[in-house]
Each structure stands twice: as C-alpha cells, then as structure tokens.
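Each number in the working numbering corresponds to the 1-based position in the sequence shown with 3 added.
Each residue gets a CB set at the ideal place from its N, CA and C atoms; glycine is no exception.
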Amino acid sequence: MDNSILKLFNTEYPIVQGGMIWCSGWELASAVSNAGGLGLIGSGSMYPEVLVDHIRKCKAATNKPFGVNIPLLYPNIEEHIHSVIEEGVKVVFTSAGNPATWTKKLKDNGITVVHVTANTKFAKKSEDAGVDAIVAEGFEAGGHNGREETTTLCLIPMIKQAVKIPVIAAGGIGTGRGMLAAMALGADGVQIGSRFVASKESSADIHFKNAVINAVEGDTKLMLKQVTPVRLLKTSFLIKCLKRKQEVPALLNFQNY
Ligand SMILES: Cc1cc2nc3c(=O)[nH]c(=O)nc-3n(C[C@H](O)[C@H](O)[C@H](O)COP(=O)(O)O)c2cc1C
C-alpha cells in the first residue's frame, strides 16, 4: 500500500490507537504496535516517573514503532517532554494546546510530531508550527472535543483541503467500513479511541469497558462546553451532577443542560 502514514510511522496499517488518559498504557500501545498499527501511550494521566516506566515497558514489549500522546495542558509538561526525548521515543502526538510551543524542540530531537485539531484554523497553525501530520478529530470523538461541533464527515475534506501534510481522521471510527469512508473523504489514516477502550489490553476499569460496550445511541453527550468541551458517557455520576446543578446552578456550568 502506498500511503503517507505508513511511510511516516513505518507501520503496516494506517491505524493509530489514540492516546487515552487512564486507558492506554504500555500494554495497549505495544499490542497495537505489535499488530501493525501505531500504539500510543496516553501520558495525560501519568506522573513523570510513571510515564518513564510505561515507555520502558513498551520498548521491552515491542520492537515496532510506538508513540506517546502528550496533552499540552498537562501541568508538568516540561518533565514529559524531557522524558520522551531522554527515552528516545520516536513519535509524539500533542493535543489540547498550542502546537507552536513544543514542536520545534521535539523535532530538533528527531521526533515525528503530530498535532490533534478539530478545526481548519488550528490545522493550518499546526502545519505552520512544523508538525508532520494532523489528526482531524470530529464531533463524534470520545474525550475532549472541539467547540465547533464539526462532524468527522465534514471535517476530513475541510482539513485535507487546508493543509499539505498527511491527515489522520478521528471521531466515530471503529470498523473497517468507517476507515474506508474516512479514506474516501481524503484521510491518509485513522485514529481510533473508544473501540480500543473496550479491548483486553486497555487499562480502563472493567465497568468503563462494559459501559462502552453496552452504550447505545444517545448514551454519550458533549458536556462542559463553556469550560472545555468533552464527550462523556451518561453515567449515574453524570446524572447526579446534573441534578446537583439544578439545585446550585452556579456550581457546575453544564451549558448544554
Ligand atoms: C476515554 C478517552 C480518553 C481520551 N484521552 C485522550 C488524551 O488523553 N489525549 C488525547 O489527545 N485524546 C484523548 N482521547 C481522544 C482519542 O485519542 C481519540 O482521538 C478519540 O477517542 C477518537 O474518537 P472515537 O472515540 O470516536 O474513536 C480520549 C478518548 C477517550 C474515549
């Protein structure tokens, strides 16, 4: 297959397992990489020493390429950046922040950098910052989300037209047919999150895995739009928060409710 993502990451398939706070440790990342995709360790929930431990275990578990996802809003970001450089990580996916801040330092250290965006403005900004590829993450995606609410179906061709670098589509993709659709719209590869949460190798709690597996249409909701939009499962905890909000409206700013 002649594909820019395969060349960029040196993988067998243009499938990236999205970095996921609490869910994607070294077991999942190395399993995906060993299966021919690109596994990512999600560093957003890890203390610096925990990340180093996961990187070392991943290196021991696979000789295939893998990467680390670093949400740029992480409070001790310098330590994570230092760790990936020191540990010789070859690929870093950044998200939730300004791509201009760390891309040069990472690239100066020989690291392939990809930035996650949900709109064309930030896709262009990421390209200007020198990243090697973009993740175009649409409204369907689990976890943090864009404010524009652009669906993956609409976002892929818009970002593809806006930048010259490879585009990895994310949001609502969990099957081969979904991947084919994304690539028909111009994506060079896909990043998949929720489907991997439910895998054996994911470090998610079994209750969360089961909730993902059992979810039906309408069971997720984009919340916290005024603070930082995030797609959540409607769990009993969330419902309790919504009830509390009715009692104390200023306490929680759930704009959508
Ligand atoms: C539980 C969960 C945690 C996530 N955590 C992160 C994260 O830490 N960093 C990040 O860039 N994206 C994160 N994401 C987004 C995924 O990397 C991926 O882009 C998204 O899940 C794709 O959409 P899908 O869930 O429809 O497959 C998370 C997604 C989920 C479901």
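DSSP places residue 98 in the strand class (E or B) of the three-state scheme.
Listed in chain order, the non-local C-beta contacts of residue 188 below 8 Å within the same chain comprise 156, 159, 160, 163 and 172, local neighbours out to five positions each way being set aside. The straight-line gap separating the alpha-carbon atoms of residue 38 and residue 18 is approximately 10 Å. A distance below 8 Å between beta-carbons, with the five flanking residues on each side excluded, links residue 169 to the following residues of its chain, in chain order: 7, 8, 11, 135, 136, 137, 191 and 192. Secondary structure note for residue 22: it is in no alpha helix (DSSP H), with a DSSP letter that is neither H nor E. DSSP, reduced to helix, strand and coil, places residue 215 within a helical segment of the structure shown. The alpha-carbon of residue 148 is positioned some 9 Å away from that of residue 228. Taking the C-beta atoms as reference points, residue 93 is found nearer than 8 Å to residue 114.
Here residue 37 carries a helix assignment [DSSP, helix/strand/coil]. Nearest to residue 16 by C-alpha distance, out of 248, 179, 204 and 26, is 179. The beta carbon of residue 127 sits closer than 7 Å to the beta carbons of 165 and 166 from its chain, once the five residues preceding and following it are set aside; these are given in chain order. Sequence-distant Cβ neighbours of residue 212 in its own chain, meaning closer than 7 Å and more than five residues away, are 200, 201 and 205. Using a 10 angstroms sphere on the CB of residue 44, the tally of other CB atoms reaches 16 or more, which defines it as buried. Taking the C-beta atoms as reference points, residue 30 is found no nearer than 8 Å to residue 51. Residue 60 and residue 111 have their C-alpha atoms some 25 Å from each other.
By the beta-carbon neighbour count (other beta carbons within 10 angstroms, threshold 16), residue 40 is buried. Where residue 51 is concerned, there is no enclosing beta strand (DSSP E), although the alpha helix (DSSP H) around it starts and stops at 51-64.
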